[in-house]
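Here's the structure, in structure tokens; my notes come after.
Numbering (our numbering), first residue to last: 4 to 307.
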């Protein structure tokens, strides 16, 4: 765990249809991959506007709605809006974003054609609160799972994250044992001798493995930072190990198909080639079905 020097590949969503094999291998080896220019132009403005409205709603205070989550501000000591779940349910542009063809082709390359879209949320760094995000893993691969395909989040940045406030990643830590990861997370302070910063611009994306260690330091005078997270899992892993029921997987497949169709009708997507979601085997879809809703609450579909 010494000082490192990792050359991050330049991936430009405006210049290619999907990540390349070499870029996919970088992600598998290091646990993260930066992709520039995923959301641009009209779509970026629309998504920023929609999520700003959602942020302002949450910042004003929302009672009796578990989707809106609050913490205590580091500086103010006041209640601070920090996260909102199920953003796809709350915004049509976020539905269309789930259907982004570059993202879905890249997910398919890494997970196979039976991938499932699971979580969707927005995480916020409130202005001037400078809250630290300690080193952590998002989750663990299910115990007993030997499938090496990655489970990962797609992080859509709606605001700039500079060297003062950006995410830091420990490359390759997705391959560490639980013991080594826990030991690193327990080190005092936010040390970065074995990590690299990942500055981002609005519209850029990070793929990050659920087991890669990442975090961000405290900062003074930080601006608002909004990041949308869409998680994807290989269907075979989810079917065998959960945590969701098989019914949930089918429901989310139809939701994804609907979002792909919605994107194909969006004005800003008219020059794109839509992604063809064609799961096979036990995951094959016999006939498209309109989703009954866009908020399939996780706790309703946990395996008992």
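Where is the CB? At the ideal position from N, CA and C, for every residue including glycine.
Between residue 12 and residue 35 a beta carbon distance of about 11 Å is seen, past the 8 Å cut, so the two are scored as non-contacting.
By the neighbour-count definition (other C-beta atoms within 10 Å, threshold 16), residue 238 is a buried residue. In this structure, residue 292 sits away from residue 247, with a CB-CB distance that is not shorter than 8 Å. Counting of Cβ neighbours within 10 angstroms places residue 241 among the buried residues, the total reaching 16 or more. When the alpha-carbon of residue 112 is set against those of 122, 162, 279, 163, the nearest one is in 279. Per DSSP, the continuous beta strand (DSSP E) segment holding residue 88 begins and ends at 82 to 88. Taking residue 232 as the centre and dropping the five residues before and after it, the same chain places the C-beta of 124, 156, 158 closer than 6 Å to its C-beta, in chain order. With 16 or more other Cβ atoms inside 10 Å of its own Cβ, residue 207 counts as buried. Taking 8 Å as the cut-off, the Cβ atoms of residue 170 and residue 217 count as close.
Counted as a single uninterrupted DSSP element, the beta strand (DSSP E) harbouring residue 170 occupies residues 170 to 172. The beta carbons of residue 58 and residue 229 sit about 6 Å from each other, so the pair counts as a contact at 8 Å.
Contact annotation: residue 37 and residue 201 have beta-carbon atoms nearer than 8 Å. Collapsing the DSSP output to three states places residue 49 in a helix. In the structure shown, residue 73 falls within a strand segment according to DSSP collapsed to helix, strand and coil. Taking the CA atoms as reference points, residue 131 sits about 28 Å from residue 46. Counted as a single uninterrupted DSSP element, the stretch harbouring residue 185 is not any beta strand (DSSP E) but the alpha helix (DSSP H) occupying residues 181 to 188.
In the three-state DSSP reduction, residue 100 falls in the helix class (H, G or I). For the options 69, 68, 67, 85, the alpha carbon positioned closest to that of residue 75 is the one of 85.
Between residue 87 and residue 70, the C-beta spacing is below 8 Å.
Residue state for residue 60 is assigned as helix, using DSSP reduced to three classes.
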